[in-house]
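If you read the sequence shown in my numbering, its first letter stands for residue 3, the second for the next number, and so on.
In this text, a Cβ means the ideal position worked out from N, Cα and C, and glycines have one as well.
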Amino acid sequence: MSRPFASSADLADKPKTLEVLADGVYALTAEGDPNIGAVEGEDFLVCFEALATPAAARDWLAVLRAHTDKPIRYLVLSHYHAVRTLGASAFGAPVIIAHDRTRALVEERGAQDWESEHARMPRLFKRPETIPGLTRPTLTFSDTLTIDLGGDRGDLDLAYCGRGHTEGDIVAWLPRHRVLFAGDLVETEAALYTGDAFHRDWAAGTLDRVGAFGAETLVGGRGAVAHGRDAVGAAVAQTRDFLEVMIREVRGVRARGGALKDAFAAVHAALAPGYGGWPIFEHCLPFDVSRLWDELDGVERPRIWTAERDRRVWAELQD
Ligand SMILES: [Zn+2]
3 MSRPFASSAD LADKPKTLEV LADGVYALTA EGDPNIGAVE GEDFLVCFEA LATPAAARDW
63 LAVLRAHTDK PIRYLVLSHY HAVRTLGASA FGAPVIIAHD RTRALVEERG AQDWESEHAR
123 MPRLFKRPET IPGLTRPTLT FSDTLTIDLG GDRGDLDLAY CGRGHTEGDI VAWLPRHRVL
183 FAGDLVETEA ALYTGDAFHR DWAAGTLDRV GAFGAETLVG GRGAVAHGRD AVGAAVAQTR
243 DFLEVMIREV RGVRARGGAL KDAFAAVHAA LAPGYGGWPI FEHCLPFDVS RLWDELDGVE
303 RPRIWTAERD RRVWAELQD
């Protein structure tokens, strides 16, 4: 029996939870669907991530507006993926911030990614006709960018930690409250999507730098908020373990002269006992193993996913 493509058969809405992490610091989590956040400045708001459509983003903003009516000045996008960016217009933010490479990736492959992600995860694309087009950042940086929150609220530090989930992921760090918004560089009990990733960089230096913040609260890309140093450490360790198991298994298959399909079977067998029950595990794995296979082949930058290539890889590995 063949599996339904990606998350195309996953159509039940996930309950969403707004958590107040500290005074003026918010996270909206949704049982494995993409998380988003917001931070109050003295007289403005910074939002983190934009969801897949303006209609979906407006639902989140309605929840947020029960807590604050400050105007949104900055929208921070952790990376270029469609389900994180295409809802941006709902925020009406005068400044949209991302990494330099995210700006380039939107131009290079944003259109294909939009089509690909919509077919993979149709449920996240609430009223797709509300998307006005690709989201283009208006302010980008390469290493760090600091937003002064005003009053006695301290700074919000945006930082690039190295290549990981994509070529241009950034995190948002609130030193005063020791809260880290990690984007898809860390997942809390949700499977990793690594189809556009740099597995070896991510599992080593990039996660080292993410861990070095010493966060006491972490909002990952998907899954519940990690509260406390132990839970934060566990989320980072699980993310690293997922990557290291993949790298070990795919390397092993290649050393034995196996093929991509053997690598998929080996990774699936190794990860399923620990991670198989987590959201989007079956959805992600064919794309993940395909990219890692390329990476170990010396393909420096991830090949562009198109709706057509998605179906071909899915048919080859997951059917
Ligand atoms: Zn992503």
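If you draw a straight line from the alpha carbon of glycine 166 to that of valine 108, how long is it in whole angstroms?
-> The residue labelled residue 166 in the question sits at position 164 within the sequence shown. The residue labelled residue 108 in the question sits at position 106 within the sequence shown. Rounded to whole angstroms, glycine 166 to valine 108 spans 17 Å at the Cα level.
Among Ile38, Glu42, Leu294 and Ser80, the one whose alpha carbon lies nearest that of arginine 60 | As a working note, residue 60 is residue 58 in the sequence shown. Of Ile38, Glu42, Leu294 and Ser80, the residue nearest in Cα terms is Ile38.
Whole-angstrom distance between aspartate 150 and glutamine 320, CA atom to CA atom = Residue 320 sits at position 318 when you count from the first residue of the sequence shown. Residue 150 sits at position 148 when you count from the first residue of the sequence shown. Rounded to whole angstroms, glutamine 320 to aspartate 150 spans 47 Å at the Cα level.
Does at least one heavy atom of ligand 1 sit under 7 Å from the Cβ of aspartate 186?
-> Residue 186 sits at position 184 when you count from the first residue of the sequence shown. Result yes, Cβ under 7 Å from ligand 1.
Inter-residue spacing [alpha-carbon to alpha-carbon] between alanine 58 and alanine 184 = To locate residue 58, count along the sequence shown from 1; it is residue 56. To locate residue 184, count along the sequence shown from 1; it is residue 182. Roughly 21 Å between the two C-alpha positions.
Sheet register partners of isoleucine 98 (DSSP bridge) = Here the question's residue 98 lines up with position 96 in the sequence shown. Its beta-bridge partners are Leu77.
Does DSSP classify valine 269 as helix, strand or coil?
-> Within the sequence shown, numbered from 1, the residue matching residue 269 stands at position 267. Correct three-state label for valine 269: helix.
Arginine 125 beta carbon near ligand 1 (any heavy atom closer than 7 Å) | Residue numbering aside, residue 125 sits at position 123 when the sequence shown is read from its first letter. Arginine 125: no, Cβ never under 7 Å from ligand 1.
Mind the definition here: the segment 185-200 touches the segment 289-306 only if three or more C-beta pairs lie below 8 Å; say whether that holds.
-> The segment 185-200 makes contact with the segment 289-306; the number of CB pairs closer than 8 Å reaches 3 or more.
Selected residue, minimal CA-CA separation from leucine 126, among Ala32, Val301, Val22 and Pro304 = As a working note, residue 126 is residue 124 in the sequence shown. The shortest CA-to-CA distance from leucine 126 to any of Ala32, Val301, Val22 and Pro304 is the one to Ala32.
Any heavy atom of ligand 1 closer than 7 Å to the CB of arginine 86?
-> Taking the first residue of the sequence shown as 1, we reach residue 86 at position 84. Because some heavy atom of ligand 1 lies under 7 Å away, the Cβ of arginine 86 counts as near it: yes.
Ligand 1 heavy atoms versus the CB of tyrosine 195: any closer than 7 Å?
-> Numbered from 1 along the sequence shown, position 193 holds the residue referred to as residue 195. Within the cutoff, so yes.
Per DSSP, the bridge partner or partners of glycine 135 | Counting from one through the sequence shown, the residue named residue 135 turns up at place 133. Answer is none; glycine 135 lacks a bridge partner.
Alanine 239 CB to nearest chain C CB: under 8 Å?
-> The structure shown contains no chain C; it holds only a single protein chain.
Could you tell me the distance, in whole angstroms, from the CA atom of arginine 305 to the CA atom of glutamate 119?
-> Residue numbering aside, residue 305 sits at position 303 when the sequence shown is read from its first letter. Residue numbering aside, residue 119 sits at position 117 when the sequence shown is read from its first letter. Approximately 15 Å between the Cα atoms of the pair.
Would the beta-carbon of histidine 1 be found less than 7 Å away from any heavy atom of ligand 1?
-> Outside the shown range of the chain, which is 3 to 321, sits residue 1, and nothing can be said about it.
Taking the continuous alpha helix (DSSP H) assigned at threonine 140, which residues delimit it?
-> Position 138 of the sequence shown, counted from the first residue, corresponds to residue 140. Here threonine 140 belongs to no alpha helix (DSSP H), and DSSP marks it neither H nor E.
Taking C-alpha atoms, which residue in Arg178, Pro6, Val227 and Leu141 lies nearest to aspartate 159?
-> Along the sequence shown, read from residue 1 onward, the residue named residue 159 stands at position 157. Out of Arg178, Pro6, Val227 and Leu141, Arg178 has the C-alpha closest to the C-alpha of aspartate 159.
Decide if alanine 29 is buried, meaning its Cβ has at least 16 other Cβ atoms within 10 Å, or exposed.
-> Taking the first residue of the sequence shown as 1, we reach residue 29 at position 27. Under this definition alanine 29 is a buried residue.
Proximity of aspartate 115 and tryptophan 316 at Cβ, strictly below 8 Å | In the sequence shown, counting from the first residue as 1, residue 115 sits at position 113. In the sequence shown, counting from the first residue as 1, residue 316 sits at position 314. No; because the gap between Cβ atoms is not below 8 Å, this pair is not in contact.
Under three-state DSSP, which class holds cysteine 286?
-> Looking up residue 286 in the sequence shown gives position 284. Reduced to three states, the DSSP call for cysteine 286 is helix.
For the alpha helix (DSSP H) containing alanine 237, list its first residue and its last residue.
-> Taking the first residue of the sequence shown as 1, we reach residue 237 at position 235. First-last of the alpha helix (DSSP H) with alanine 237: 231-257.
Paired residues, beta bridge with tyrosine 28 - DSSP = Indexing the sequence shown from 1 puts residue 28 at position 26. For tyrosine 28, which the question treats as bridged, DSSP gives the partners Val22 and Ala40.
Member of Val212, Asp25 and Met123 whose CA lies at the smallest distance from the CA of aspartate 15 = Locating residue 15 in the sequence shown gives position 13, where the first residue counts as 1. Selected option, being the one with the closest Cα: Met123.
Inter-residue CB distance, glutamate 117 and alanine 309 (contact presumed, cutoff 8 Å) | Indexing the sequence shown from 1 puts residue 117 at position 115. Indexing the sequence shown from 1 puts residue 309 at position 307. With a Cβ gap of about 5 Å, glutamate 117 and alanine 309 count as contacting.
Just mark proline 281 as buried or exposed, buried being the case when its beta carbon has 16 or more other beta carbons within 10 Å.
-> Your numbering for residue 281 matches position 279 in the sequence shown. By the neighbour-count criterion, in which a residue is buried when 16 or more other Cβ atoms sit within 10 angstroms of its Cβ, proline 281 is buried.
Is the distance from the Cβ of glutamate 189 to the Cβ of glycine 225 below 8 Å?
-> Walking along the sequence shown from the start, residue 189 turns up at place 187. Walking along the sequence shown from the start, residue 225 turns up at place 223. Yes. Within cutoff.
When burial is assigned at 16 or more other CB atoms within 10 Å of the CB, is valine 48 buried or exposed?
-> As a position in the sequence shown, residue 48 is number 46, starting the count at 1. Classification of valine 48: buried, given that the 10 Å Cβ count is 16 or more.
Just the Cα atoms here: how many angstroms apart are arginine 202 and leucine 245?
-> For the purposes of this step, residue 202 is taken as the residue at position 200 of the sequence shown. For the purposes of this step, residue 245 is taken as the residue at position 243 of the sequence shown. In a straight line, the C-alpha of arginine 202 is about 8 Å away from that of leucine 245.
Check whether the Cβ of histidine 81 lies closer than 7 Å to any heavy atom of ligand 1, and answer yes or no.
-> To locate residue 81, count along the sequence shown from 1; it is residue 79. Histidine 81 Cβ: within cutoff of ligand 1.
First and last residue of the uninterrupted beta strand (DSSP E) at alanine 184 | Along the sequence shown, one-based indexing puts residue 184 at 182. Per DSSP, alanine 184 belongs to the beta strand (DSSP E) from 181-185.
Reduced DSSP category for alanine 8 - H, G, I as helix; E, B as strand; rest coil = For the purposes of this step, residue 8 is taken as residue 6 along the sequence shown, with counting starting at 1. Looking at alanine 8 - three-state DSSP - the assignment turns out to be coil, as it is neither helix nor strand.
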